Every structure is written in structure tokens, then in C-alpha cells.
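Reviewing the structure listed below.
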């Protein structure tokens, strides 16, 4: 380490030099070295980090702000339906397809023939080979009966015309 007596940083330890000789030979001035020593060292590259994502809240808990899915009955008991009309939309099986009623991809019930919509409740007797259904029935209290609601379409046959005439 150099001894700094007259502001010379180039003088090795224990060596004496003329106060101005080393500065003149290397092209430095005394005041330049003093300011360099007194000022704090400057960083070569200043790194600035920017946010890669905007600050935003969590979108996990919407808190009931999502719109309803509009599940439910489209045609009520006694309504007249054409073939292909949607009778009911559901997420889980609330209504089951009966006579002349089809089951769509998302458990939609639709009419297979034109006619009048009817609802019936029938006793549910599970298949003995279906262990899940049997387990459900065995957990019920004694004397309890399970019912399923079926949707039927009673075909409305036009009177006084032949089938061939109706097809033309």
C-alpha cells in the first residue's frame, strides 16, 4: 500500500520520490488525485430492475360475482314441444330422460318427437351389481324410498291423415 503524504498514490512503500516527479512523469496533477481519492467510487454499471408483471390481486376467489349458468326447465308440464326442442338443462341429474326424450352431451334433455311434456316420479331400485348404488341405499334409514323424476313426451298424433301424406 502506498503512503500518502503529498497525494501521490504511485509511490511504493518505503520509497521516497520528488513531490511532483511522479505526477509529471505520468501526466497527473495533485488536485486530480486528491479529488479521485475523496470522491466515492462510481459503479461501472447501474442495474435497474423493472417489474416483469403488473401488480394485481388474486383472481381465485371471485366471491359470487360470476354470472349464473341458466340451468333449469325450458318447457313445463303440459307444454307442446317439437322434435329437437330442449326441455331442460342441468349440471347434475335432476331430471332423467323418459319416453321420447333424448339426453344431450351436457345432460340436456330434448324431445325426440313432437308432443306434450309430462313429468313422473318413479321409485328408484338400484341394480344389485352396482356397488355404489347399493351402498347409497343401505345408508338410508329404514323405510326410506328413493324417487327419480322422469320427463316424458306424449306424442301428439295428427288425426285424420295418413303417415305417407304427412311425409310429402
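Residue numbers (our numbering): 7 to 174. We treat Cβ as the ideally placed atom computed from N, Cα and C, and that holds for glycine. Just so it is clear, the structure is predicted and the values come from calculations on it, not from any experiment.
Alpha carbon to alpha carbon, what distance is there between residue j and residue i?
i: residue 155; j: residue 69; result: 32 Å
i: residue 150; j: residue 139; result: 15 Å
i: residue 113; j: residue 59; result: 41 Å
i: residue 137; j: residue 148; result: 19 Å
i: residue 83; j: residue 61; result: 53 Å
i: residue 133; j: residue 127; result: 18 Å
i: residue 91; j: residue 135; result: 35 Å
i: residue 162; j: residue 71; result: 44 Å
i: residue 75; j: residue 111; result: 16 Å
Take residue i as the anchor and find which of the options has the nearest alpha-carbon.
i: residue 157; options: 145, 140, 123, 95; result: 123
i: residue 160; options: 137, 128, 138, 118; result: 118
i: residue 99; options: 79, 83, 91; result: 79
i: residue 97; options: 127, 91, 77, 116; result: 77
When we look at the beta-carbon of residue i and count the other beta-carbons within 10 Å, is it buried (16 or more) or exposed?
i: residue 73; result: exposed
i: residue 94; result: buried
i: residue 81; result: buried
i: residue 52; result: exposed
i: residue 56; result: exposed
i: residue 109; result: exposed
Could you round the C-beta distance between residue i and residue j to whole angstroms and report it? I think they count as a contact, below 8 Å.
i: residue 153; j: residue 129; result: 6 Å
Examine the Cβ distances between the segment 135 to 148 and the segment 88 to 104 and report whether three or more of them are shorter than 8 Å. no
Stretch pair the segment 107 to 126 + the segment 78 to 92: three plus CB contacts closer than 8 Å: yes
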